[in-house]
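Numbering (the numbering used here), first residue to last: 418 to 670. For glycine and all other residues, C-beta sits at the position ideal for the given N, C-alpha and C. To start, the structure itself, in structure tokens.
So, in structure tokens, the structure goes:
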């Protein structure tokens, strides 16, 4: 049985310094609407250690890359990045339902695909929080309030099933739950120790990356003391904190 998406070792999960681009995107994602004047961006980024020349170069590259749109008053997130934010929010805060014991089962039936196509399909299935039991056979408890993409029917058969193996044992074999929990606890400790704005932003960027790999299993299948909810609550609190900071600095965005 495969272990899917191993959680990074604690050292690998440590926050990494963020680029000017990452800081700009984080601030715009926290603004409502997701648009800020150039002068306001400059004032905000000073608190994150990003100077004016570095910011101007980053903004120019981001407009050219289609990350931002210039407006009459400043810069706004592109529609593409707004859609990515929606998908990320859905992933970080997934909707769940009571679990009745059913599992989603996806069996890949397409043949003749190249390495790039296979890798893309694996990434899409992993993003749906499915786990690979064996090559081409993916499953997870049916406790998520989300459908599977219609395009999946072109390459796979999907159904619900009730495996004969005990559910808790099956889940423990499919996901590295203890490793994921250990990394989450390391990140919670890093959050507590991060006081400077750049350090907090980097710490919570690492939190988001880790939450995207949470299998979001029914509570009965998780080890005792599972830290997923605590990590989500910490991230939600930081989002509110960042939004308040933006509003206070730019006069009520």
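Between residue 639 and residue 594, the beta carbon gap of about 7 Å places them in contact (Cβ cut-off 8 Å). Taking all protein chains in view, the Cβ of residue 571 is surrounded by fewer than 16 other Cβ atoms within 10 Å, so the residue is classified as exposed.
Rounded to the nearest whole angstrom, the C-alpha separation of residue 466 and residue 645 is 31 Å. One alpha carbon belongs to residue 544, the other to residue 561, and they sit about 13 Å apart.
Two segments are said to touch when three or more pairs of C-beta atoms, one from each, lie closer than 8 Å; by this definition the stretch 453-470 touches the stretch 610-619.
Taking 8 Å as the cut-off, the beta carbon of residue 516 is found no closer than this to the beta carbon of residue 632. Looking at the DSSP output, residue 554 shares a beta bridge with 524 and 551. Look at residue 575 here: in three-state DSSP terms it is strand. The Cβ-Cβ distance between residue 519 and residue 481 does not fall below 8 Å. Of the candidates 478, 567 and 624, 624 places its Cα closest to the Cα of residue 647.
Contact between residue 603 and residue 573 does not hold, since the beta-carbon distance rounds to 36 Å and is not under 8 Å. DSSP places residue 590 in the uninterrupted alpha helix (DSSP H) bounded by 584-591. Contact annotation: residue 440 and residue 479 have beta-carbon atoms that are not nearer than 8 Å. Residue 534 sits in a helix when the DSSP states are folded into three classes.
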